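A short worksheet on the structure shown next.
Here is the structure:
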């Protein structure tokens, strides 16, 4: 699998997604990146701070709470959480849990890793759904190829 690649000054998207999940009622995740190499581009300049593009997994639900959506470029962390307040959970083969737009500050590599103790899928009983989390790497070089961060439910 190729690593995402962007040149200094360029931007690129990293998609966080889940595959093969049953009874998803909420999620939270933290993504760590090298702040000397990358910075998050604000997805909503009308709000204070830096936000990412919100998850679409619950877009057809009426009562959804976005518990967290911000990026800390000084510490190199992205925070995102959403939950269905009322209504049925989601069962899906593929779901979008957010898009992070990064700008490369230099032509160096940066690992993108989930902070596992703060990254969870939650079911209808607010219990953690066992999941395999896969991280990615952004390579500062010559092409724009993006490999998403993913996690999938463990059987």
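In my numbering, the protein residues as written are 28 to 182. Backbone N, C-alpha and C define an ideal beta-carbon position, used for all residues, glycine too. Note that the structure is a prediction, hence the values are computed from the model and not measured.
Asked: With DSSP as the reference, label residue 97 as helix, strand or coil.; Found: strand
Asked: Would you tell me roughly how many angstroms separate the C-alpha atoms of residue 154 and residue 116, rounded to the nearest one?; Found: 13 Å
Asked: Using 10 angstroms around the beta-carbon of residue 158, count the other beta-carbons present and answer buried if the total reaches 16, otherwise exposed.; Found: buried
Asked: If I measure Cβ to Cβ from residue 37 and keep anything under 6 Å in the same chain, skipping five residues before and after, which residues do I get?; Found: 131
Asked: Considering only C-alpha positions, which residue in the set 85, 54, 122 and 98 is nearest to residue 72?; Found: 98
Asked: Sort 108, 89, 47 and 135 by Cα distance to residue 79 and report the nearest one.; Found: 108
Asked: Going by DSSP in three states, residue 37 sits in which element: helix, strand or coil?; Found: coil
Asked: Quick one: give me the first and last residue of the beta strand (DSSP E) that residue 128 is part of.; Found: 117-131
Asked: Beta strand (DSSP E) containing residue 109: first to last residue?; Found: 104-113
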